[in-house]
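A.B. asks:
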Amino acid sequence: MVSNRRMVYNYSLDRAIAYAVSLNKPLLVVEPLAKGYRWSSPRFHQFIMQGMKSNMHAAKNVALTYYPFVETDEYPQEGMLRTFASSACVVITDDFPCFFIPQFVRKLSQIAPCLSEAVDSNGILPIRGTDRLFTVAHSFRRHCQKVLPDFLSESPLSSPTSNLSLPRLEPLGDDVISRWPSAEPLLSQSDSQWMTNITTRLDTPSTDLVGGRCAALEHWRRFKHTRLDNYHLKRSHIDVDATSCLSPYLHFGHISPHELVRDIQDRGNIRPEHLRRSIVDGRRERWWQMPPGPEAFLDQLITWRELGYNRCANDPAYDKFETLPEWALATLNIHRNDERPYIYSIEEFDLSLTHDPLWNATQNQLRKQGTIHNYLRMLWGKKILHWSESPETALSIMIELNNRYALDGRNPNSYSGIFWCLGRFDRAWGPERAVFGKVRYMTSQSTARKYNVSTYLDQFAPEQGNIDA
Numbered sequence: 000m001v002s003n004r005r006m007v008y009n010y011s012l013d014r015a016i017a018y019a020v021s022l023n024k025p026l027l028v029v030e031p032l033a034k035g036y037r038w039s040s041p042r043f044h045q046f047i048m049q050g051m052k053s054n055m056h057a058a059k060n061v062a063l064t065y066y067p068f069v070e071t072d073e074y075p076q077e078g079m080l081r082t083f084a085s086s087a088c089v090v091i092t093d094d095f096p097c098f099f100i101p102q103f104v105r106k107l108s109q110i111a112p113c114l115s116e117a118v119d120s121n122g123i124l125p126i127r128g129t130d131r132l133f134t135v136a137h138s139f140r141r142h143c144q145k146v147l148p149d150f151l152s153e154s155p156l157s158s159p160t161s162n163l164s165l166p167r168l169e170p171l172g173d174d175v176i177s178r179w180p181s182a183e184p185l186l187s188q189s190d191s192q193w194m195t196n197i198t199t200r201l202d203t204p205s206t207d208l209v210g211g212r213c214a215a216l217e218h219w220r221r222f223k224h225t226r227l228d229n230y231h232l233k234r235s236h237i238d239v240d241a242t243s244c245l246s247p248y249l250h251f252g253h254i255s256p257h258e259l260v261r262d263i264q265d266r267g268n269i270r271p272e273h274l275r276r277s278i279v280d281g282r283r284e285r286w287w288q289m290p291p292g293p294e295a296f297l298d299q300l301i302t303w304r305e306l307g308y309n310r311c312a313n314d315p316a317y318d319k320f321e322t323l324p325e326w327a328l329a330t331l332n333i334h335r336n337d338e339r340p341y342i343y344s345i346e347e348f349d350l351s352l353t354h355d356p357l358w359n360a361t362q363n364q365l366r367k368q369g370t371i372h373n374y375l376r377m378l379w380g381k382k383i384l385h386w387s388e389s390p391e392t393a394l395s396i397m398i399e400l401n402n403r404y405a406l407d408g409r410n411p412n413s414y415s416g417i418f419w420c421l422g423r424f425d426r427a428w429g430p431e432r433a434v435f436g437k438v439r440y441m442t443s444q445s446t447a448r449k450y451n452v453s454t455y456l457d458q459f460a461p462e463q464g465n466i467d468a
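What follows is the structure, given as structure tokens:
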């Protein structure tokens, strides 16, 4: 359990249970957390471990053995995968198309002495259901309209361990427990005691956002009952708390897109057979036969989110500058030597030391809370492009800061957002401008004219500069 970290609505767990039942073997669910992965920090560790604590409680009194492991200096993870796999009949893991998971899956297939499978439980559509790379949301939405009804009729199990009967696992040997002890005693302590001697970037502290399934469900309930109906109207408003706050939970697999879609369909008494199968035009509105708020949210959850998964699953170079659309590469290259109004280093960007208080506020929010308001996240990336010495430098800065601080970083959806700032999934725009060329242009001034940013600035901006770029 390495990316979809949940005990329900999980095709990986369903598959493992099916094998255990057919073979009449005990089921061991291992949820590891490595120490030395790139961008490792208390921020990500605490969020993941809060999810592990939820899973630990969910696995009580069911017919499987849940084994959480948290790597420390004293207990390195090296050799654990090979040792645990050596005693298995079948090994099931998660299929996830970016960060270190693809390399992990390849390593598992090489060292497991038995059948190993990577199971996709990322979204509604299978990430490898097509090898076509979609270049814009409209064409991917048309694809979804063709195939979604069939996949919406399927779902991982909502309660896969209910009435499950399997043989009990014999206690693990002392040689295993002494090298890779269960994290249950650690998880039973208070959160504030977790980080000692665990993570590598102690300068990226945890945030107030609590991880785990219970917290994810609470955010979902609040959004569903108070914000969903007006989502289409207010999601971009900076002064209104109108978003779901689910992106980190989706990233770490603490909640499933299937259960969100099911809840929305149940709420509107809509079934897959009610969808407008005869309409395949790529338009968002009315295809779901729902009010505009739920339709707008489903478009974000399925079209935009899974567009990113399609890219990462089918393009190993998803994070490379050269994979931008040809028009974007051409226009950025034409304007690469344009004079920049300002040029900042990654350290200056990181510490919010630009001349622009609104941009500084977005970076402050990212650094302190692990997120940026949806609309301002686009501005954040656009201005890094504007104030970097080259578009390639801008891309590397965006990736580094996002993956260092964002709770939903290192994810296909966040790579989509970063690359959208440079033209991916977008089209050429006019008039042509310095630095940007035909890439869509955004400014803090236009944002401040469009939305009320005063409260946001009061909350996150240091006292410096003017909104002038």
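Numbering (numbering that gives the first Met the number 0), first residue to last: 0 to 468.
Every residue, glycine too, gets a C-beta built ideally from N, C-alpha and C.
(1) So who's on the other strand from T64, going by DSSP bridges?
(2) Rounding to the nearest angstrom, what Cα-Cα distance links G422 and T361 in this structure?
(3) Please check the pair R81 and I47, which I expect to be a contact at CB under 8 Å, by giving their CB distance rounded to whole angstroms.
(4) Just verifying my parser: in three-state terms, what is the DSSP assignment at D174?
(5) Check the DSSP bridge columns for S115 and list the partner residues they point to.
(6) Taking Cβ to Cβ, would you say I417 is nearer than 7 Å to G380?
(7) Go to T446, then tell me how far its alpha helix (DSSP H) extends in each direction, as first and last residue.
(8) So, using beta-carbon positions, are F150 and L124 closer together than 7 Å?
(9) On the three-state DSSP scale, how would you describe G128?
(10) Report the residue from V1, V135, I371 and Y18 whose alpha carbon sits nearest the alpha carbon of E30.
(11) Leaving out the 5 sequence neighbours to the left and right, which residues in its chain are closer than 7 Å to C213 when beta-carbon positions are compared?
(12) Does the pairing of the stretch 433-440 with the stretch 325-341 give three or more beta-carbon distances under 8 Å?
(13) Note down, in chain order, each residue of its chain lying with its Cβ closer than 6 Å to the Cβ of A117, except the 5 sequence neighbours on either side.
(14) Could you tell me the distance, in whole angstroms, from the CA atom of Y414 to the CA atom of P170?
(15) Counting Cβ pairs, one atom from each stretch, are 3 or more of them under 8 Å apart for the stretch 285-303 and the stretch 132-140?
(16) For the alpha helix (DSSP H) containing C311, name the first residue and the last one.
(17) For the alpha helix (DSSP H) that C97 lies in, which residues bound it at each end?
(18) I'd like the ranges of any alpha helix (DSSP H) spanning at least 4 consecutive residues and lying wholly in the stretch 314-402.
(19) Quick check on C420: buried or exposed, where buried means 16 or more other Cβ atoms within 10 Å of its Cβ?
(20) Beta-carbon within less than 7 Å of Y317's beta-carbon, same chain only, minus the 5 sequence neighbours each way: which residues are those?
(21) If L32 and F83 are in contact, beta carbons under 8 Å, what's the gap, nearest whole angstrom?
(22) On the CB-based measure, 16 or more other CB atoms within 10 Å of its CB, does T206 come out buried or exposed?
(23) Please work out which residues of its chain come closer than 6 Å, Cβ to Cβ, to A460, disregarding the five sequence neighbours upstream and downstream, and give them in chain order.
(24) Going by other Cβ atoms of all chains shown within 10 Å of its Cβ, with 16 needed for buried, is P159 buried or exposed?
(25) Hey, is the stretch 258-266 in contact with the stretch 209-227, meaning 3+ C-beta pairs nearer than 8 Å?
(26) Go ahead and pull the three-state DSSP assignment for G281.
(27) Use the C-beta contact count for P247: other C-beta atoms within 10 angstroms, 16 or more gives buried, fewer gives exposed.
(28) According to DSSP, what are the bridge partners of R167?
(29) Please list, in chain order, all residues of the same chain as N121 whose beta carbon is under 6 Å from its beta carbon, the five residues on each side excluded.
(30) Rounded to the nearest angstrom, what separates S187 and T195 at their Cα positions?
(31) Find the nearest neighbour of C244 within the set L208, R266 and G252, judged by alpha-carbon distance.
C.D. replies: Once the coordinates are examined:
(1) L27
(2) 21 Å
(3) Not quite, the Cβ-Cβ distance comes to about 23 Å (not below 8 Å), so this is no contact.
(4) helix
(5) V90
(6) yes
(7) S443 to K449
(8) yes
(9) coil
(10) V1
(11) S53
(12) yes
(13) T92, D94 and V104
(14) 42 Å
(15) yes
(16) R304 to N313
(17) Note, C97: premise wrong, no alpha helix (DSSP H); not H, not E.
(18) 325-333, 345-349, 356-368 and 373-385
(19) buried
(20) C97, R310, C311 and Y414
(21) In fact, because the Cβ distance is near 15 Å, the residues do not count as touching under 8 Å.
(22) buried
(23) P356, N359 and A360
(24) buried
(25) yes
(26) coil
(27) buried
(28) The partner list for R167 (beta bridge, DSSP) is empty, contrary to what the question assumes.
(29) Y308
(30) 15 Å
(31) L208
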